[in-house]
Amino acid sequence: MSVDVALFYLFAAMATASAVAMVVNVRNTVAAAMSLVICMVSLAGIYVVLEAHLIAVVQIMVYAGAIVVLFIFVVMLLNLRQDSFPPGRMRGLKFLGSLAGLWFLARFLATQAEYLPQTVALEEGFGGYRHLGMALFTDYLLAFEATSLLLLAAIVGAVILAKRRLDT
Amino acid sequence: MPWDVVAKSLFILVVAVAALAPVVTWVERKQSAVMQDRIGANRADLFGIRLLGLLHPAADVLKLIFKEDVVPIGANRVMHLVAPLIAAVAAIISFAVIPYGATYQFGDSTVNLVAADIDWGLLYIFAVGSLAAYGTILAGWASNSNWSLLGGIRASAQMISYEVTMGLSVVGVFMVFGTLKLTDMAFAQDATFRLLGFLEVFGVVDHLPRWLAWIQLPMWGVFLQPLGFIMFLTAIMAENKRPPFDIPEGESEIVAGYHTEYSGMRFGLFFMAEFIEVIVIAGLMTAIFLGGWSIPYLPQERIIGALEPLFGSGMANLLCMVAHVSTFLLKVVFMIWFQMVLRWTQPRFRYDQMMDLCWKILLPLSIANAFVTGTIILLVRSYGS
């Protein structure tokens, strides 16, 4: 087993374990958010193993660094504590649901394994900012600009919503 | 086993963390004393030897190690323990991508003085810096204290805001040097440029005094991107939460903010992380804006070319390496001094002033800076020689 494969399994195990920890810790909101951070960082590790270095670093900067900080900011502003949530219901149903999910995964792996992605040789400089920038500003320019317009619309909407409350 | 990486990491740990960080705490006290016309820290003595107060860092560390480690009632024990570790580790590992020397040839082997020479070096520092915010935020949350919580909330808002401007304010530098790799940036700065070079494109050079055309400046980021230098320094100092941006720990309002409930060496780790970050900031500013290891007007080939006939190739490279590393350390010490001067001359901002500075001044300015830089680069490329 090469180092790449070993690292992949390490990060994959970390990502899965932290994702499970996030769901289990749903009542302790900050612990859940921190599990999400570990999950994001493990995913970034997987991206590095896959040679997508820029995506990995953006994953950490944007998702682990900025978005979850915003989550925690909101949690701390609302000062949510463990007793802010009602006790859980439908325990048996949840347990059955997770068993069904595991069964589905096992069936998928058993029957459809050949459709999993195969390794291919990468060209020089793959995953760097030059390649990504060229792709974004030539082939996918329209999609890129449309996304920025969408984000602008979201910002304007947020400002309008906030201002309406200030004005009244 | 890549022994060179181990050796370089050890060099960073010994020089930056073990040797420089305690000295910086001493500099902080002594410099504030000088600036405020006091005598300053000089009480710690060992058998009557005081060494200008240089024994104070040792006394501090001993005190912090032997002090009782208090965890407040109702605190989240795990997160209370992990928070200072995140802060300290993030500060230390940022140093990995900062080049403290050029590339040198010793016979067949090439020595490259940076622990991790990665293509996206600057982004790595931003990523690690954004994770460092969790140290502060978790400390505020896990302490089960209102003062700490307020400090944590302020810290999360402050760090997330200044991360944006920190990234945008160096976009101009990316454009000028055409790379995100810190080693390439340092190499690009080991050259000179004519001050009027880019003005020739606009045809105004003939109307200016002739002697101006003779001026050659080192190709440092601070000369190419003066606005970027000021904005990046502001943003990264705000990211480090030191005065005048120490709103998360504002003593006059919220006791000591996020580390109110910390004592002993856990407080010491926060304290250390802050000072290591001062050194990291100094190293980063040096690498991006002050030419890194380069000696102004003396490019590496010229140094080695002049020394090679005298001492031979290996010795010439070694001497050049010593000169470069010393230059780098000298610039780092200058940037540390500069940060200390700022810290002891500026009063703390109010929260709204700090947010206004970030979103209403630095953000539009950095976007304008990127736009103007891009326009000039485009004009020079299309009409220049």
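Line by line, the protein sequences give chains A and B.
All letters in the first sequence, in the order written, are residues 864 to 1031 by this note's numbering.
All letters in the second sequence, in the order written, are residues 332 to 716 by this note's numbering.
Note that CB positions come from ideal geometry on N, CA and C, so glycine has one too.
Note that the structure is a prediction, hence the values are computed from the model and not measured.
Item	Value
Given a cut-off of 8 Å on the beta-carbon distance, is the pair P353 of chain B and F601 of chain B in contact?	no
According to DSSP, is I449 of chain B part of a helix, a strand, or is it coil?	coil
Going by DSSP, what residue range makes up the beta strand (DSSP E) through R541 of chain B?	Counting along the chain, R541 of chain B falls outside any beta strand (DSSP E), and DSSP gives it neither H nor E.
Can you look up P549 of chain B in the DSSP assignment and give me helix, strand or coil?	strand
Scan the region 365-395 of chain B and note each continuous alpha helix (DSSP H) run of 4 residues or more that stays entirely inside, going in chain order.	none
Flag this pair as yes or no: are the beta carbons of L548 of chain B and T523 of chain B separated by less than 8 Å?	yes
Near N407 of chain B, which residues of its chain fall below 6 Å by C-beta distance, leaving aside the five closest residues on each side in sequence?	A473
Does S713 of chain B pass the burial test, meaning 16 or more other C-beta atoms within 10 Å, or should it be called exposed?	exposed
From the DSSP secondary-structure annotation, give me the bridge partner or partners of T523 of chain B.	B:P549
Distance, Cα to Cα, V392 of chain B vs L621 of chain B?	33 Å
In the region 872-905 of chain A, which residue ranges form an unbroken beta strand (DSSP E) of at least 3 residues, counting only runs that do not cross its ends?	none
Is the Cβ-Cβ distance between I567 of chain B and I610 of chain B less than 8 Å?	no
Can you say whether Y1003 of chain A is buried or exposed, counting buried as having 16 or more other CB atoms within 10 angstroms of its CB?	exposed
For Y435 of chain B, would you say it is in contact with chain A, using Cβ-to-Cβ distances shorter than 8 Å as the test?	no
Write down the C-beta distance between V402 of chain B and S425 of chain B rounded to the nearest angstrom, noting that I regard them as a contact closer than 8 Å.	Not really, about 28 Å apart at Cβ, beyond 8 Å.
Can you find a CB in chain B that lies within less than 8 Å of the CB of F936 of chain A?	yes
Less than 8 Å between the beta carbons of A470 of chain B and Y593 of chain B, yes or no?	yes
Taking the beta carbon of P430 of chain B as the centre, do at least 16 other beta carbons fall within 10 Å, making it buried, or is it exposed?	buried
Under 8 Å between the Cβ atoms of V504 of chain B and G559 of chain B?	yes
Does any residue of chain A have a CB that is nearer than 8 Å to the CB of S470 of chain B?	In the sequence as displayed, the identity of residue 470 of chain B is Ala instead of Ser. A470 of chain B does not count as touching chain A.
Less than 8 Å between the CB atoms is what I'm expecting for I578 of chain B and R674 of chain B, so what's the real figure, rounded?	The pair is not a contact, with the Cβ atoms about 14 Å apart (cut-off 8 Å).
Please decide whether A406 of chain B counts as near chain A, where near means a Cβ-Cβ distance under 8 Å.	no
Is H490 of chain B near E605 of chain B, with beta carbons less than 8 Å apart?	Inspection of the sequence shows that residue 490 of chain B is occupied by Met rather than by His. It is not a contact, given that the beta carbons lie outside the stated cut-off.
Given that A929 of chain A touches chain B, what residues does it touch there, using C-beta distances under 7 Å?	S461, I491, E494
Using the beta-carbon of each residue, which ones in chain B are nearer than 9 Å to L933 of chain A?	S487, I491
Only counting runs of 3 or more residues, tell me where the beta strand (DSSP E) segments fall wholly within the region 683-712 of chain B, in order along the chain.	none
In the DSSP assignment, the alpha helix (DSSP H) including Y978 of chain A goes from what residue to what residue?	No alpha helix (DSSP H) holds Y978 of chain A; DSSP gives it neither H nor E.
How many angstroms separate the CA atom of V1022 of chain A from the CA atom of W690 of chain B?	14 Å
Relative to chain B, which residues along the region 883-910 of chain A have a C-beta separation below 9 Å, given in chain order?	N891, V893, A894, M897, V900, V904, A907
Is DSSP giving F989 of chain A helix, strand or coil here?	coil
Under 8 Å, Cβ to Cβ, is there at least one residue of chain B near G994 of chain A?	In the sequence as presented, Gly is not what sits at residue 994 of chain A; that position holds His. No, H994 of chain A lies away from the interface with chain B (no Cβ there is under 8 Å from its Cβ).
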